[in-house]
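As they're listed, the protein sequences go chains Z and S. Residues in the first sequence are numbered from 1 upward in steps of one, following our numbering. Residues in the second sequence are numbered from 1001 upward in steps of one, following our numbering. Even glycine gets a Cβ: it sits at the ideal position worked out from N, Cα and C. Below you'll find the structure, written out as structure tokens, and then a few comments.
Number of protein chains: 2
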Amino acid sequence: MPLADPAAPETPDPEALTPGTPPTGESLADLAYRRVEDLVVTMELAPGARVSEHGIAERIGVGRTPVREALQRLAGDGILVTRPRRGMRVREIDLATQLRVLEARRALEGTLVRRAALRRSPEQAARLRETAAAFRRMRDAPDPVPALRHDRRFVDLLLDSADNPFLASIIPLYALSRRFWLAHYARQVRFEPGAITDFHIRIGEAVAAGEEAEAGRLADAFLDHVEAFARFVGLDLAASS
Amino acid sequence: MPLADPAAPETPDPEALTPGTPPTGESLADLAYRRVEDLVVTMELAPGARVSEHGIAERIGVGRTPVREALQRLAGDGILVTRPRRGMRVREIDLATQLRVLEARRALEGTLVRRAALRRSPEQAARLRETAAAFRRMRDAPDPVPALRHDRRFVDLLLDSADNPFLASIIPLYALSRRFWLAHYARQVRFEPGAITDFHIRIGEAVAAGEEAEAGRLADAFLDHVEAFARFVGLDLAASS
DNA sequence: AATCGACAAACTGCATGCAGGAAAATTCGC
DNA sequence: GCGAATTTTCCTGCATGCAGTTTGTCGATT
Chain Z
1 MPLADPAAPE TPDPEALTPG TPPTGESLAD LAYRRVEDLV VTMELAPGAR VSEHGIAERI
61 GVGRTPVREA LQRLAGDGIL VTRPRRGMRV REIDLATQLR VLEARRALEG TLVRRAALRR
121 SPEQAARLRE TAAAFRRMRD APDPVPALRH DRRFVDLLLD SADNPFLASI IPLYALSRRF
181 WLAHYARQVR FEPGAITDFH IRIGEAVAAG EEAEAGRLAD AFLDHVEAFA RFVGLDLAAS
241 S
Chain S
1001 MPLADPAAPE TPDPEALTPG TPPTGESLAD LAYRRVEDLV VTMELAPGAR VSEHGIAERI
1061 GVGRTPVREA LQRLAGDGIL VTRPRRGMRV REIDLATQLR VLEARRALEG TLVRRAALRR
1121 SPEQAARLRE TAAAFRRMRD APDPVPALRH DRRFVDLLLD SADNPFLASI IPLYALSRRF
1181 WLAHYARQVR FEPGAITDFH IRIGEAVAAG EEAEAGRLAD AFLDHVEAFA RFVGLDLAAS
1241 S
């Protein structure tokens, strides 16, 4: 996901954007979804910011229709919130919401990693090991964003391995979790440096090895850790508001 | 959900349909979603049937845009499947898919009922008890469809009570489960008459009473039952194909 | 008569225009 | 000069038109 063009490709001219889409075989709506998701997670679109179809459409250089579809999906995923007639906004960051996200993740994540461990193909196992290795390399990198993007691919890989498309609703939960983590990155470093990445590495390896029970235990422990972190930073989140 | 008009309201004329929408305060896309979901669950749209934007738009008397949005949501939910460039079809019914659906339900459902039991308001408790009573009344009714529609409201109520919108991805799983059940209704009667309804009643009452652990146990037992049923009818599902 | 190729119908993806309604800016009254 | 009403602007929801592609059909050729 090379994120298209950081500069403003304002041209809705078909010539200008067709070179991007046919090769990928991806619809403009899918592109818009991933693009806006990324903007939200990286907080280029700040929490609470207004999001309009027209604005996004101009920003990424496509028409309103695919943008509209992407925005509605994002709203359905809870990444954007839509007040009845007042347009859409980026979901605010707060502890209560994050705890709900983690509650839903806890419901899904154990099943996800267990089934992935059970059903992954040899090729998927290899890619999981690669992913774990990549995490290891990023473990102490200064910029967190590459690890974030890598994390997204990790989840996609787990979903492929689990061979159950009905678990895919966990994807937006990860997006919200990544944003929460990024928003408190400075604190995170002091809270427990590298712990999250370590969990990713160990889960990836356990799944690759087919260790179902171990992967499940790790996922549980991971969520315990993430929840503790949320409560930790959430305290002065509430205090500062 | 009075399902609008069973006859064909072919008129895209605003006058003809505005009486339906403004009172509900619901968008045409939402209406189309529920309408098509119902068509699929009741198998008025048969498994494997082709679904086109234009066809549905004519059928329910709105333009293509809201229909398109609804169809894309339904595809995202796995109720419709979209072959790359060949349009959308209603998902086929098969045992393997149903087991995946139940796997995902198992992940979510325990959390759903436990949290609903924990967080339901007194008003929600009252409505849950009403729902259970209604199920009791329908227990031995000949026509299964009313119970099916009631079931949908039951889930909505559980979701409200659980106070966690991120668990809402269970809704389409129920839709697929209801269709599976309906498709095998004749066999169901012999398999274990009324058992499903009994579970609904008991779960509703446990949640209303705030019995978190009991509700969770019931949900687990319910899924065991439903899965056994799926495997039972799935055997000759495979044999007949 | 069967197969292959060309034509035609249909459908999706996308852009755009229009109407209704809310929010914001401006102007008018005090 | 400040508050309130009005106008302006923006935004969403929906319909519709257009282009590219695919599917199904009919006719021509072997």
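Environment of residue i [buried if 16+ CB atoms lie within 10 Å]
{"i": "V1101 of chain S", "result": "buried"}
{"i": "D140 of chain Z", "result": "exposed"}
{"i": "V1040 of chain S", "result": "buried"}
{"i": "H1264 of chain S", "result": "Here chain S has residues from 1001 to 1241 only, and residue 1264 of chain S is not among them."}
{"i": "E1044 of chain S", "result": "exposed"}
{"i": "R73 of chain Z", "result": "buried"}
{"i": "D224 of chain Z", "result": "exposed"}
{"i": "A228 of chain Z", "result": "exposed"}
{"i": "P1146 of chain S", "result": "exposed"}
{"i": "G204 of chain Z", "result": "buried"}
{"i": "G1087 of chain S", "result": "exposed"}
{"i": "E1109 of chain S", "result": "buried"}
{"i": "S161 of chain Z", "result": "buried"}
{"i": "S121 of chain Z", "result": "exposed"}
Reduced DSSP category for residue i - H, G, I as helix; E, B as strand; rest coil
{"i": "G1087 of chain S", "result": "strand"}
{"i": "L1173 of chain S", "result": "helix"}
{"i": "T42 of chain Z", "result": "coil"}
{"i": "E10 of chain Z", "result": "Residue confidence for E10 of chain Z is low, a pLDDT of 31 falling below 50, so the modelled location carries little weight; the figure read from the coordinates is stated next. DSSP places E10 of chain Z in coil when its eight states are reduced to three."}
{"i": "R1260 of chain S", "result": "In the structure displayed, chain S extends from 1001 to 1241; residue 1260 of chain S sits before or after that span and is not available."}
{"i": "R242 of chain Z", "result": "Any property of residue 242 of chain Z remains undetermined from this structure, which presents chain Z solely from 1 to 241."}
{"i": "R139 of chain Z", "result": "coil"}
{"i": "A1075 of chain S", "result": "helix"}
{"i": "S1161 of chain S", "result": "helix"}
{"i": "F1211 of chain S", "result": "Per the sequence presented here, residue 1211 of chain S reads as Glu, with Phe not at that position. Looking at E1211 of chain S - three-state DSSP - the assignment turns out to be coil, as it is neither helix nor strand."}
{"i": "H1184 of chain S", "result": "coil"}
{"i": "P22 of chain Z", "result": "Any reading at P22 of chain Z is ruled out, since the residue's pLDDT is 40, under 50, leaving its predicted position unreliable."}
{"i": "E192 of chain Z", "result": "coil"}
{"i": "P66 of chain Z", "result": "helix"}
{"i": "A1168 of chain S", "result": "coil"}
{"i": "P1146 of chain S", "result": "helix"}
{"i": "G216 of chain Z", "result": "helix"}
{"i": "G61 of chain Z", "result": "coil"}
DSSP bridge partner residues for residue i (one or two, in chain order)
{"i": "L1080 of chain S", "result": "S:V1090"}
{"i": "R1050 of chain S", "result": "S:R1089"}
Start-to-end residues for the alpha helix (DSSP H) that takes in residue i
{"i": "V1207 of chain S", "result": "A1195 to A1208"}
Taking only beta carbons into account, state which residues of the region 1035-1058 of chain S come closer than 7 Å to chain Z, listed in chain order. none
So if I threshold CB-CB distances at 7 Å, which residues from the region 1165-1183 of chain S count as touching chain Z? Listed by position, the residues of the region 1165-1183 of chain S near chain Z (Cβ gap below 7 Å) are P1165, F1166, L1167, S1169 and L1173.
The region 84-100 of chain Z: which residues have C-beta closer than 7 Å to a C-beta of chain S, in chain order? R100
Closer than 9 Å, Cβ to Cβ, to anything on chain Z: give me those residues from the region 1104-1129 of chain S, in chain order. Within the region 1104-1129 of chain S, those residues whose Cβ lies closer than 9 Å to any Cβ of chain Z are, in chain order, A1104, R1105, R1106, A1107, L1108, E1109, G1110, T1111, L1112 and R1115.
Residues in the region 223-236 of chain Z having any Cβ partner in chain S nearer than 9 Å: none
Output, in sequence order along the chain, the residues in the region 1058-1076 of chain S whose CB is closer than 9 Å to any CB in chain Z. T1065, R1068, E1069, Q1072, R1073 and G1076
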